[in-house]
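Student:
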Amino acid sequence: MRRSLGLGLYVPGDTVLHRLSPGPKLLGLLVLSIGVVAARGPWLPVCVFVVAIATALWVGMSPRTLAAALRPVAIVMVVAVGFQWWMNGWQLALEVFATVLALVVAAAILTATTPTDEMLDSIARWLGPFRRFGVNPEVVALAFSLVMTSIPTLFTIFGETRDAANARGLGRSPKATLTPAAIRVVAHAYATGDALHARGILDDPDEGD
Numbered sequence: 254m255r256r257s258l259g260l261g262l263y264v265p266g267d268t269v270l271h272r273l274s275p276g277p278k279l280l281g282l283l284v285l286s287i288g289v290v291a292a293r294g295p296w297l298p299v300c301v302f303v304v305a306i307a308t309a310l311w312v313g314m315s316p317r318t319l320a321a322a323l324r325p326v327a328i329v330m331v332v333a334v335g336f337q338w339w340m341n342g343w344q345l346a347l348e349v350f351a352t353v354l355a356l357v358v359a360a361a362i363l364t365a366t367t368p369t370d371e372m373l374d375s376i377a378r379w380l381g382p383f384r385r386f387g388v389n390p391e392v393v394a395l396a397f398s399l400v401m402t403s404i405p406t407l408f409t410i411f412g413e414t415r416d417a418a419n420a421r422g423l424g425r426s427p428k429a430t431l432t433p434a435a436i437r438v439v440a441h442a443y444a445t446g447d448a449l450h451a452r453g454i455l456d457d458p459d460e461g462d
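Residue 458 in this note's numbering sits at position 205 of the sequence shown, and the numbers go up by one each step.
Next up, the structure:
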């Protein structure tokens with residue numbers, strides 16, 4: 254059975270989106286993103302958000318999985334929407350809210366219907382012609398994979414750090430949360446880099462000449 258590498262959001266199924274190759278889905282996500290961001294007014298983003306939710310449920314995403322995809326942006330959205338409402342009124346706040354969440358759900362649908370290994374293979378294949386310009390398609394695909402796998406890890410780090418600060422009664426202190434979280438993020442980045450170099454993945458092939 255095909256699976257997603259890292260994110261754990263791949264949902265096996267036999268829908269049209271599951272059978273579609275990664276290329277058209279990535280292109281569709283790009284076109285959708287441009288259209289929603291370029292729209293004026295809240296109603297198109299709201300409609301896209303509603304359709305995206307319905308599509309996510311249709312492809313087999315459970316409400317819990319959908320909530321997990323939205324949770325990382327929830328806190329940021331509360332702040333952003335509140336600020337926009339205060340400064341520019343409810344319509345712009347609704348537009349920002351619907352636009353961001355619609356794109357998050359659309360990206361989650363892409364992940365849910367496309368095993369990550371297939372997506373990375375497609376990215377490496379598309380970038381093949383750029384190899385003559387010094388682009389390494391495999392490294393770019395690896396970077397994409399690292400971004401996808403690191404985002405949940407970063408949110409986990411911040412969540413654990415916040416919980417630890419709350420347990421010490423320091424939940425309202427930004428320093429008690431941000432400083433330990435930043436240290437752990439840097440440590441995670443160094444550990445990832447060391448693991449890649451240990452496998453020779455990022456070594457320059459001409460370095461030893």
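The beta-carbon is built from N, C-alpha and C at its ideal position, and this holds for glycine as well.
Relative to the ligand PLP, is the shortest distance from any of its heavy atoms to the C-beta of residue 363 smaller than 6 Å?
Tutor: In the structure on display, the ligand PLP does not appear, and there are no ligands present to speak of.
Student: Quick check on DSSP: helix, strand or coil for residue 374?
Tutor: helix
Student: If you run the structure through DSSP and keep just helix, strand and coil, what is residue 259?
Tutor: At residue 259, the pLDDT of 36 sits below 50, so the modelled position is not reliable and the matter cannot be decided from this model.
Student: Alpha carbon to alpha carbon, how far is residue 414 from residue 385?
Tutor: If you take the alpha carbons of residue 414 and residue 385, they lie about 45 Å apart.
Student: Might you give, ordered along the chain, the residues of its own chain that have their beta carbon closer than 8 Å to the beta carbon of residue 278, omitting 5 neighbours on each side?
Tutor: 270, 363, 366 and 367
Student: Residue 285 and residue 194 - do their beta-carbons sit closer together than 7 Å?
Tutor: Since the first and last residues shown for the chain are 254 and 462, residue 194 lies out of range.
Student: Determine the closest residue to residue 437 out of 327, 410, 308 and 396, with distance taken between C-alpha atoms.
Tutor: 410
Student: Between the Cα of residue 209 and the Cα atoms of 303, 302, 377 and 338, which residue gives the shortest distance?
Tutor: The structure shown does not extend to residue 209, since the chain is modelled only from 254 to 462, so the question has no answer here.
Student: In the DSSP assignment, find the unbroken alpha helix (DSSP H) run with residue 336 in it and report its ends.
Tutor: That run of the alpha helix (DSSP H) goes 316 to 341.
Student: Using the Cβ count rule (16 or more neighbours within 10 Å means buried), how would you classify residue 336?
Tutor: Exposed: under 16 other Cβ atoms inside 10 Å.
Student: Cutting at 6 Å between CB atoms, please list the residues of its own chain near residue 258, excluding the five before and the five after it.
Tutor: Residue confidence is low: residue 258 scores 35 on pLDDT, short of 50, so the model does not pin down where it sits. No coordinate-derived value is stated.
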